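Some notes on the structure that comes next.
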Amino acid sequence: YIAQPPLYRIAKGKEEYYVFSEDEKDAKVKHFGQSAKVTRYKGLGEMNPEQLWKTTMDPSQRIMLKVNIDSDIEAHKMFVKLMGEEVEPRREFIERHARDVKNLDI
């Protein structure tokens with residue numbers, strides 16, 4: 770399982786919401802108006818410990834993504850390709866699949 774952190778924090782006054790998609794963000798900003806403060810989280814390190822617990826670690830609040838590995842051999846090959854010391858296989862993979870990306874977090 771992989772814990773899913775929020776992409777945005779939307780706040781106005783004492784109200785705050787954590788959202789997990791662009792659509793949710795747009796809806797909350799529309800609800801609050803343009804005076805809403807929007808914070809984009811690019812990584813877990815941008816949250817303070819309390820926010821990280823509340824949004825990503827707390828078993829009663831967190832959203833978990835189940836990951837299935839059908840073949841441990843294929844998973845290992847992909848891990849080596851993407852994380853290994855050889856740059857060329859990683860570059861080829863990125864170039865081959867770049868147009869298929871639906872959610873790029875830069």
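Residue numbers (this note's numbering): 770 to 875. A virtual CB, placed ideally from N, CA and C, is assigned to each residue, including glycine. Bear in mind that the values here come from a model prediction, so they are computed numbers and not experimental data.
Burial state of residue 816 (16 or more Cβ within 10 Å):
buried
For residue 834, three-class secondary structure by DSSP
strand
As a quick exercise: from 829, 804, 825 and 844, pick the residue whose alpha carbon is nearest that of residue 784.
804
Contact defined as beta carbons within less than 8 Å: I believe residue 779 pairs with residue 794. What is the distance between those atoms, to the nearest angstrom?
7 Å
Whole angstroms is fine: what's the gap from residue 858's alpha carbon to residue 852's?
10 Å
DSSP-derived helix/strand/coil call for residue 844:
helix
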